[in-house]
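The structure appears right after this line, and notes come after that.
There are 2 protein chains.
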Amino acid sequence: MSQPSSITLDMCRQLDAEDSLAKLRDKFAFSSKGNIHFDANSIGAMPIDVPDRIQRLMTECWRDQSRRSWTTEDWAEKPRILGGDISHMIGAGANDVVVCDNTTINLFKLLSYAWKIRNSGTVILTEAHNFPTDMHVLQGFMQLLKALKVDGQIRIAEDRAQILDMLDNDVAVLYLTHVDYRSSERWDMADINKKAKSVDALTLWDLSQSAGVLDVDLGGTGADFAVGCGYKYMCGGPGGPAFLYLNPSHQKTAWPTIAGWMGHAKWNKFLSDFEPAGGASSHLTGTPSVIANEVFAASAEIWRGVTRKAVATKHKSLTDMTIKLIEQECGPLGAAVISPKNYDERGGHVAFRHDGAGPVSEALVDNGLILSFRYPDSIRLGLGPLYHNHEDVWNAVKIIKDVLTTEKWRDQKYEKVAI
Amino acid sequence: MSQPSSITLDMCRQLDAEDSLAKLRDKFAFSSKGNIHFDANSIGAMPIDVPDRIQRLMTECWRDQSRRSWTTEDWAEKPRILGGDISHMIGAGANDVVVCDNTTINLFKLLSYAWKIRNSGTVILTEAHNFPTDMHVLQGFMQLLKALKVDGQIRIAEDRAQILDMLDNDVAVLYLTHVDYRSSERWDMADINKKAKSVDALTLWDLSQSAGVLDVDLGGTGADFAVGCGYKYMCGGPGGPAFLYLNPSHQKTAWPTIAGWMGHAKWNKFLSDFEPAGGASSHLTGTPSVIANEVFAASAEIWRGVTRKAVATKHKSLTDMTIKLIEQECGPLGAAVISPKNYDERGGHVAFRHDGAGPVSEALVDNGLILSFRYPDSIRLGLGPLYHNHEDVWNAVKIIKDVLTTEKWRDQKYEKVAI
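As they're listed, the protein sequences go chains A and B. Residues in the first sequence are numbered consecutively from 176, following my numbering. Residues in the second sequence are numbered consecutively from 176, following my numbering.
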């Protein structure tokens, strides 16, 4: 499908041959149907040893050992261990991250915590296109304040460009998702954190669309709080546990909002009076999801062996290639990349728009390319640097080109919205 | 081991022959090491089809279907479906229960919700021996109120007998665990609910030690709120999801405290403004734990086929037998049952005390009987009516008698506290 001076399959293969992470591909399982999965932004690939790990957990642990596995398998420590395993991927210290609960709950925990220890102001500032659940948590928290007759306001930037203008001394917490889940636009975290500090506002970042792909540096950029999803680029399994981060400077300031026995300094002593464990651990709640943690552990083992610089470098190469190939091969067919061309402004996935995006995405799935559609007209390709290579991108774009050329999508039924 | 006019193995076998739930035993997997597990109160047995279900989820769904499984497998509806599946076991309507998150988080959600919609008073009343995480949630909530400069007090009954005396018009919420996790003492839920109503207090019950064994009737007794653990008698797997219940009369009163996209009336439309789904569903939060839900689904399928009356009848028979046999065979050896003899005052497990309880429990484990120790001197046997039978009880007590008679426990090392 190449033309003179354009990208070729050989160029893709050459990049793959030079890829320092190439061998990690063997650590993942791929569709037995031969489909190519480019929905890393919805659900990452499965580490190949997950089925065996889970089989062992079910039989040797649950069935044979039963409750004794709490001791022999260190089940209660897993949230801390797994947090340490992935901490370098977001520029955090090993003790500053725990893996637990889901993103929504972790957002609630840290938004309410940030509120409690805020420096000034009663405004929580966010943007209109923040992910729905992030908005809901914020709205729910405001309803709680209202019920308690406590003053608090939401301020919303309708346009991304407004956010810095709206950041003033009235802002207690700046509450953003690092990367837009539709367009893949990325905030400049360092710049935002700096400006937030200058007006004494605390920052809370949702890293669901950036952790595991970008060079996220929470510590280096002075972020106050962060949460993120474990099941997308982190490859932690469907509905897998999320994570949360607290800057060390905020860890000892107040009680966690949801105090529970796993956040107790001596959880296994069954003491009635709560004593925070300290650090991120204080924000653990109830009994951890043991099975989900075991799945997450398979990916954590892989993350331990990589640096976030190497991951981001490969991710840049993959997404640059994706954008160029879509423009080269599918631009004349009505596909227009809407994600930023400049890598520093881009997140984990590449989105393009097409008039028939809904039915096109379904036709792509039928032709062996799994990606995701976002209403009204965008299609997203999520690239996982641990297991995708440039030849995958070539093959994916080939399928897109074929579907658009042959107009296979014209009679396609589609679901208006899919997860 | 029998004596004249005492319980015999034949009597146990006779009861098993008459057991209407006997055939359910085939639906569970038992230790391949031949151990007898009597820790249903810590972790229930594994439904036999769990490994195959999970294997399928990993390969056919995660690996092959990836994000498409959200649609084909109804992953997002599972919290509601599973809630409906177990609702009859706690006397609730099918739409009044959802399976989600963990017990601690669900306690926080409903305690704060109850607070928001309280009728009067600013006191939350509980008892000193409530389970640690229940106490921590309460303490954490009070810390939140304090940080927000909102008035609120904790009132604690040091002795169970005091609770009704301490229940007056100042009490906003009465916050109790239905069954004591150590002694197995049970509150009279109907009586307590009635008295709470008479002073306009709302009730929040933790059913972790009673759901799946006792005849819990939330609706019939007028309970306001309840939560419970999924991994004990419910057999939902290690660290499995918990559940929550709201009386229909309270379901539309206020927003959930933790508003999230899975609690949205149209969650799959990705709308920014939260609109509560209504009912218990409003209290769903983020992406459900898909793998944990699939494990829970295996047990939910079994629960669908039984009535709580049949379960409670068998449980009474099993625990009556356990108490009598321990007294008969081990009483002279220093074992003293501390759980109530009257079934209506007793919960899911039977506890006995012994001077050497710590090392005795470890010696029992070494001799093939898995149960749990609670500091300082009690040993608990958790009985699961779906899979235990009377002959199991006979065999368990035989091991206890042997360990006590031979004093095998004297040189035993033990962990002071075990989960």
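Cβ atoms here follow ideal geometry from the backbone N, Cα and C, with glycine treated the same way. Quick caveat: nothing in here was measured; it's all calculated off a predicted structure.
Nearest neighbour of L199 of chain B by Cα position, chosen from B:L508, B:S536, B:A473 and B:I513, turns out to be B:A473. Contact between S457 of chain A and P463 of chain A does not hold, since the beta-carbon distance rounds to 15 Å and is not under 8 Å. Rounded to the nearest whole angstrom, the C-alpha separation of G531 of chain A and G403 of chain A is 32 Å. For chain A, the residues of the stretch 322-355 of chain B that bring a beta carbon within less than 7 Å of one of its beta carbons are A322, L323 and V325, in chain order. The distance from the Cβ of T352 of chain A to that of N368 of chain A is about 15 Å, inconsistent with a contact at the 8 Å cut-off.
Counting of Cβ neighbours within 10 angstroms places D586 of chain B among the exposed residues, the total staying below 16. Proximity of the stretch 240-254 of chain B to the stretch 427-437 of chain A falls short of the contact definition, fewer than three beta-carbon pairs being nearer than 8 Å. By the Cβ-count criterion, P560 of chain A is buried, with 16 or more other Cβ atoms from all chains shown falling within 10 Å of its own Cβ. With respect to chain B, the C-beta atom of G531 of chain A has no partner C-beta closer than 8 Å. Less than 8 Å separates the beta-carbon of Q314 of chain A from that of A434 of chain B. Residues of chain A whose Cβ lies closer than 9 Å to the Cβ of N422 of chain B do not exist, since the nearest Cβ in that chain is about 19 Å away. Taking every protein chain shown into account, the CB of D326 of chain A has fewer than 16 other CB atoms within 10 angstroms, so this residue is exposed. T497 of chain A counts as buried, since no fewer than 16 other beta carbons sit within 10 angstroms of its beta carbon. Beyond the five residues adjoining it in sequence on each side, W237 of chain B comes within less than 8 Å, by CB distance, of S244 in the same chain, given in chain order. Contact check for C275 of chain A against T460 of chain A passes: the beta carbons are separated by less than 8 Å. Contacts between H311 of chain B and chain A, judged by CB atoms closer than 8 Å, involve A434, G435, W436, G438, H439 and F449 in chain order. Taken in chain order, the unbroken stretches of alpha helix (DSSP H) that lie wholly in the stretch 250-322 of chain B and span 4 residues or more are 253-262, 278-291 and 307-322. Taking the Cβ atoms as the reference, S359 of chain B lies roughly 6 Å from V525 of chain B, within the contact range of under 8 Å. Take the alpha-carbon of A267 of chain B and the one of I280 of chain B: they are about 20 Å apart. P507 of chain B has a beta carbon lying at 8 Å or more from every beta carbon in chain A.
Between the stretch 293-308 of chain A and the stretch 377-395 of chain A, the count of C-beta pairs closer than 8 Å reaches three or more; the two stretches touch.
Annotation: the continuous beta strand (DSSP E) that includes D381 of chain B extends over L377 to D381. DSSP places G557 of chain A inside the beta strand (DSSP E), whose first and last residues are S553 to G557. Contact annotation: the stretch 537-549 of chain A touches the stretch 565-581 of chain A, with at least three C-beta pairs closer than 8 Å. With contacts defined by Cβ atoms closer than 8 Å, V535 of chain B and W569 of chain B do not form a contacting pair. As the crow flies, the alpha-carbon of D366 of chain B is around 13 Å from that of A376 of chain B. In the DSSP assignment, S547 of chain A falls within the unbroken beta strand (DSSP E) covering S547 to R549. Assigned with DSSP and collapsed to three states, V470 of chain A falls in helix. Closer than 8 Å to the CB of Q318 of chain A there is at least one CB belonging to chain B. Spanning the alpha carbons of A197 of chain B and L184 of chain B requires a straight line of approximately 17 Å. Assigned with DSSP and collapsed to three states, H524 of chain B falls in strand. Within a 10 Å sphere around the beta-carbon of T482 of chain B sit fewer than 16 other beta-carbons, which makes this residue exposed.
Secondary structure note for R483 of chain A: its alpha helix (DSSP H) is the uninterrupted segment R483 to L500.
In chain order, T462 and V465 make up the part of chain B whose C-beta sits under 9 Å from the C-beta of Y406 of chain A. Inter-segment contact for the stretch 548-560 of chain A and the stretch 213-228 of chain A is present: three or more beta-carbon pairs are separated by less than 8 Å. The C-beta distance from H490 of chain A to L190 of chain A rounds to 13 Å, too long to meet the 8 Å contact threshold.
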